[in-house]
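*Asks:* Before we start, here is the structure in question, set down as structure tokens.
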Amino acid sequence: MKILAIILIVLGFSDLKAQDFRITRLEKKKVEAKSQPSKQTSGRKEDEELLSKIFENNQRINELLEKRTNIPVIWEQGSTILTGAVFRGTLLNSINSTNLGSPVLVKAHEGQGLAPKTKFSCQGVTQNKRVFTLCNKMITPEKETIIQAQILNRDGTSGLIGIYDDAKEDLIAGAVISDFAQGMLSAAQTRIAGPFGSIRDDSVKNQVLQGLVESGRTTSDILLEDMKTKEPIVTIEAEEEVLIYFMEAVHEN
């Protein structure tokens with residue numbers, strides 16, 4: 022009986038142990054199930070706060086950009102053009118320059134720091150088969166500024182190069198033809214042999230020929246005189262690219 026009692030006591034003790042273990046495991050599962058939703062809730066709150074901050078920052082940036090784009094862009098015209106500054110431009114008119122001077126209008130290219138549609142009023146004079154061009158005004162849509170600038174070729178040389186014509190060749194050719202005609206008319210006149218040599222016949226034919234010879238001499242004299250006073254002309258077509266060189270600084274107000 023003692024042995025049977027001892028066996029019953031051992032079995033009862035082991036059953037109690039198993040029940041304790043089962044209870045412990047169930048309590049752990051309950052705790053884990055309760056703690057998991059709290060972690061997920063806190064993570065969602067952090068994400069929502071971060072998204073709200075990003076959204077607020079985006080709104081501020083958009084407001085700043087909208088204010089900036091609504092501000093009109095105004096060129097204050099307060100810059101300084103220093104001596105030696107060079108800008109690219111294009112001739113707006115053709116040039117037929119003489120020693121008396123010819124008007125020249127140059128338009129500056131865009132994107133060089135000048136006001137849009139800036140033009141230069143200049144005057145060109147022919148010297149040494151070139152057109153030396155000086156500018157005295159810079160014209161913008163708002164105002165005119167007194168300047169001292171010179172127009173150069175694209176390679177930087179002074180005096181614009183064009184088609185040179187002094188018209189002397191035509192004058193020389195005309196004078197040569199006139200002298201040749203005089204000789205032909207003189208040879209065509211008839212002469213009469215006399216004791217003191219041949220003399221010109223006073224016939225009507227000779228009188229007409231002599232009149233033509235005198236007219237030829239007058240023509241030759243006129244052509245030679247024109248050749249001395251003829252002014253050379255240099256022709257430059259429009260849309261020629263040039264350089265605008267500032268000889269003095271310009272302070273724009």
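Reminder that position 214 of the sequence shown reads as 235 in the numbering used here, one-by-one numbering, no gaps.
Glycine included, every Cβ here is placed at the ideal spot set by N, Cα and C.
For K150, collect the residues of the same chain with a Cβ closer than 6 Å to its Cβ; drop the 5 residues on either side in sequence, then sort them by chain order.
*Replies:* Cβ contact annotation for K150 (same chain, cutoff 6 Å, sequence separation greater than five): Y185, in chain order.
*Asks:* Hey, out of E262, I172, H130 and G145, whose CA is closest to G105's CA?
*Replies:* Distances from the CA of G105 to each of E262, I172, H130 and G145 were compared; the closest alpha carbon is that of I172.
*Asks:* Since I160 sits in a beta bridge, which residues does DSSP pair it with?
*Replies:* In DSSP, I160 forms a bridge with K140 and E165.
*Asks:* Assuming E269 contacts Q169 (C-beta within less than 8 Å), just tell me the rounded distance between them.
*Replies:* 5 Å
*Asks:* Classify G177: buried if its beta carbon has 16 or more other beta carbons within 10 angstroms, exposed otherwise.
*Replies:* exposed
*Asks:* Please report the straight-line C-alpha distance between V107 and L71, rounded to a whole angstrom.
*Replies:* 55 Å
*Asks:* For the beta strand (DSSP E) that A129 lies in, which residues bound it at each end?
*Replies:* S123 to A129
*Asks:* Taking the C-alpha atoms as reference points, what is the distance between R46 and R65?
*Replies:* Low confidence applies to R46: its pLDDT is 46, below 50, so where it sits in the model is not reliable enough to give any reading.
*Asks:* Using DSSP's beta-bridge definition, name the partner residues of L72.
*Replies:* DSSP lists no bridge partner for L72.
*Asks:* Rounded to the nearest angstrom, what separates S123 and C156 at their Cα positions?
*Replies:* 12 Å
*Asks:* Considering only the beta carbon of each residue, do L135 and L126 sit closer than 8 Å?
*Replies:* no
*Asks:* Helix, strand or coil, according to DSSP, for N117 in the structure here?
*Replies:* strand
*Asks:* Let's test the definition: count the other Cβ atoms within 10 Å of the Cβ of S73 and tell me whether it reaches 16, buried, or not, exposed.
*Replies:* exposed
*Asks:* For E269, report the span of its beta strand (DSSP E) as first-last.
*Replies:* Where E269 is concerned, there is no enclosing beta strand (DSSP E), given that its DSSP letter is neither H nor E.
*Asks:* In the structure shown, what three-state DSSP assignment does V255 receive?
*Replies:* Secondary structure of V255 (DSSP, three-state): strand.
*Asks:* Could you confirm whether any beta carbon from chain B is found closer than 8 Å to the beta carbon of T119?
*Replies:* No chain B appears in this structure, which consists of one protein chain only.
*Asks:* Pick out whichever of V146, A129, M159 and G180 has its Cα sitting closest to the Cα of E260.
*Replies:* A129
*Asks:* Where does E262 sit, in a helix, a strand or coil, going by DSSP?
*Replies:* strand
*Asks:* Nearest to L121 by CA position, among F267, P137, Q144 and T166, is which residue?
*Replies:* Q144
*Asks:* Considering just the uninterrupted stretch of the beta strand (DSSP E) at T104, what are its terminal residues?
*Replies:* Counting along the chain, T104 falls outside any beta strand (DSSP E), and DSSP gives it neither H nor E.
*Asks:* Does the beta-carbon of I75 have 16 or more other beta-carbons within 10 angstroms, so that it is buried, or is it exposed?
*Replies:* exposed
*Asks:* Tell me, which residues are paired with G145 by DSSP?
*Replies:* G145 pairs with S123 and T154.
*Asks:* Go ahead and pull the three-state DSSP assignment for Q133.
*Replies:* coil
*Asks:* Alpha carbon to alpha carbon, what distance is there between E165 and K140?
*Replies:* Just so you know, the alpha carbons of K140 and E165 end up roughly 10 Å apart.
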